[in-house]
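Visitor: Here you go, one structure.
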Amino acid sequence: MFSFSSLAVFATVAFSAVSAIPLSTPIGDLPLPPLPNLPAVPSVPGLPAVPAARGLPDISAVDGLLNGLPAGVPKGLSKGLPTDGLLRRADAPESIAVILTAVHEKLVPVTNQLKFVTSGNVTLDAVAGPIGEIKDILTGAVVSLQALIGQPVEVILASVGSTVQITVAELAHLLAGVIVIVFEALGAVVTVAGGAIDKAVFDLLVTVGWALGTLLSLVFHLVGGILAELISVLVPLLHTVVPFILHLNIATVISLLHL
């Protein structure tokens, strides 16, 4: 090992050699003292090679899979997942199920007003307000349903969640919910007023029936392919209000339902 005593000797020799050189000698011409013999540096033993990581996928293979997906399809989706409704256009119109569900929710409070009429207030002034609201709700639904004309069946029959199509039975119950709630309200007025019902009131009730007939006719047009099955399921659900439909003589509804 190179000791401190060796360094001292080396420094003495070097200083003696330098002190003997004239001060005017250029720096570049100065002689360099000989370097002492230093022990050889032992070689560093070879490090083991880093093993290849196990279980990591080949990135180039992943890139190839992503590049192979068709344009416009989210890369997180695969053929094994249901995509019906996930890729539905944002500007697609509301389905029949969405429209009828909203209509029923709007009809609940206003039809309740007619269900609580009494023989003392069955007047045109008393029922005109609720009747007008019911007609407006049904007319608005008709406008929404018209936007579905020409749309594909997956849009027309999409569920409220827009992920699957509704069944015939589900559609029948949605329709029945709207038809029953309307004619129960109209029937309540007819029942309370009896044979003494004012003609103006009666005619006002009929206009609501016709508005509902227009809605029903449009729904039947949109689902023509399943119409026969739909009617067979729907009519039994209406047994409680069929007498009111016949009493008010709503010809459109009577004809469509074959009553």
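Going by my numbering, the first residue of the sequence shown is number 131, and it counts up by one from there.
Just so you know, even glycine gets a beta-carbon here, dropped at the ideal spot from N, CA and C.
Between the alpha carbons of residue 191 and residue 291, how many angstroms are there, rounded?
Guide: Taking the sequence shown and counting its residues from 1, one reaches residue 191 at position 61. Taking the sequence shown and counting its residues from 1, one reaches residue 291 at position 161. Low per-residue confidence applies at residue 191: pLDDT is 37, beneath 50, and the placement is therefore not dependable, though the value from the model is reported in the following sentence. Straight-line Cα distance between these residues: approximately 36 Å.
Visitor: Once you ignore the five residues that flank residue 285 on each side, which residues in its own chain have a CB closer than 8 Å to its CB?
Guide: The residue labelled residue 285 in the question sits at position 155 within the sequence shown. Excluding the 5 residues flanking it on each side, residue 285 has same chain C-beta neighbours closer than 8 Å at 218, 222, 223, 225 and 278, in chain order.
Visitor: Count the other C-beta atoms from every protein chain shown that fall within 10 angstroms of the C-beta of residue 325, then say buried if there are 16 or more, exposed otherwise.
Guide: Translated into the one-based positions of the sequence shown, residue 325 becomes position 195. Classification for residue 325: exposed.
Visitor: By DSSP, does residue 295 sit in helix, in strand, or in coil?
Guide: Position 165 of the sequence shown, counted from the first residue, corresponds to residue 295. Strand.
Visitor: Just to confirm, is the Cβ distance from residue 312 to residue 331 under 9 Å?
Guide: Locating residue 312 in the sequence shown gives position 182, where the first residue counts as 1. Locating residue 331 in the sequence shown gives position 201, where the first residue counts as 1. For residue 312 and residue 331, no; Cβs fall outside 9 Å.
Visitor: Confirm, please, whether the CB-CB distance from residue 231 to residue 304 is below 9 Å.
Guide: Here residue 304 refers to the residue found at position 174 of the sequence shown. Here residue 231 refers to the residue found at position 101 of the sequence shown. Result yes, Cβ atoms of residue 304 and residue 231 sit closer than 9 Å.
Visitor: Measure the C-alpha to C-alpha separation of residue 389 and residue 380 and round it to an integer number of angstroms.
Guide: By one-based count along the sequence shown, residue 389 stands at place 259. By one-based count along the sequence shown, residue 380 stands at place 250. Spanning the two alpha carbons is a distance of roughly 11 Å.
Visitor: Which same chain residues, not among the five before or five after residue 352, have their C-beta less than 8 Å away from its C-beta?
Guide: Reading the sequence shown from its first residue, position 222 is the one you call residue 352. Excluding its 5 nearest sequence neighbours in each direction, residue 352 has C-beta neighbours in its own chain below 8 Å: 226, 275, 278, 279 and 286, listed in chain order.
Visitor: How would you write the range of the alpha helix (DSSP H) that residue 233 sits in, first residue to last?
Guide: The residue given as residue 233 occupies position 103 in the sequence shown. From DSSP, the alpha helix (DSSP H) with residue 233 extends over 226-245.
Visitor: Mind checking who residue 288 pairs with in its DSSP beta bridge?
Guide: Numbered from its first residue, the sequence shown carries residue 288 at position 158. Partner(s): 295.
Visitor: Kindly provide the ranges of any beta strand (DSSP E) runs that are 3 or more residues long and lie completely inside the region 298-373, ordered along the chain.
Guide: The region 298-373 contains no complete beta strand (DSSP E) run of 3 or more residues.
Visitor: Buried or exposed: residue 241, going by 16 or more other Cβ atoms within 10 Å of its Cβ?
Guide: Taking the first residue of the sequence shown as position 1, residue 241 is located at position 111. Burial call: buried.
Visitor: Do residue 316 and residue 378 count as a contact pair if the criterion is CB distance below 9 Å?
Guide: Here residue 378 corresponds to residue number 248 of the sequence shown, with the count starting at 1. Here residue 316 corresponds to residue number 186 of the sequence shown, with the count starting at 1. Yes, they are a contact pair.
Visitor: CB-CB under 7 Å to residue 337, same chain, minus the five flanking residues each way: which ones, in chain order?
Guide: By one-based count along the sequence shown, residue 337 stands at place 207. For residue 337, where only same-chain residues beyond five positions count, the Cβ hits under 7 Å are 265.
Visitor: Check the C-beta distance from residue 375 over to residue 383 and give it rounded, since I have them as a contact under 8 Å.
Guide: Within the sequence shown, numbered from 1, the residue matching residue 375 stands at position 245. Within the sequence shown, numbered from 1, the residue matching residue 383 stands at position 253. Right, their Cβ atoms sit about 5 Å apart.
Visitor: How is residue 222 classed by DSSP in three states: helix, strand or coil?
Guide: To locate residue 222, count along the sequence shown from 1; it is residue 92. In the structure shown, residue 222 sits in coil (DSSP, three-state: anything other than H, G, I, E or B).
Visitor: Am I right that residue 229 and residue 298 are in contact with their C-beta atoms under 8 Å? What's the rounded C-beta distance?
Guide: In the sequence shown, the residue the question calls residue 229 occupies position 99. In the sequence shown, the residue the question calls residue 298 occupies position 168. That pair is no contact at about 17 Å.
Visitor: Do residue 370 and residue 314 have their C-beta atoms within less than 9 Å of each other?
Guide: Stepping through the sequence shown from its first residue, residue 370 is reached at position 240. Stepping through the sequence shown from its first residue, residue 314 is reached at position 184. Yes.
Visitor: Under 9 Å, do residue 368 and residue 306 count as touching if we go by C-beta distance?
Guide: By one-based count along the sequence shown, residue 368 stands at place 238. By one-based count along the sequence shown, residue 306 stands at place 176. Cβ distance < 9 Å, so residue 368 and residue 306 count as in contact.
Visitor: Taking 8 Å as the limit between beta carbons, can you name the residues of its chain near residue 322, skipping five residues before and five after?
Guide: As a working note, residue 322 is residue 192 in the sequence shown. 247, 248, 249 and 252, listed in sequence order.
Visitor: Taking only the alpha-carbon atoms, compute the straight-line gap between residue 206 and residue 281 and give it to the nearest angstrom.
Guide: What you label residue 206 is simply residue 76 of the sequence shown in a count that begins at 1. What you label residue 281 is simply residue 151 of the sequence shown in a count that begins at 1. Bear in mind that a pLDDT of 33 at residue 206, under 50, signals an unreliable position, so the model cannot answer this.
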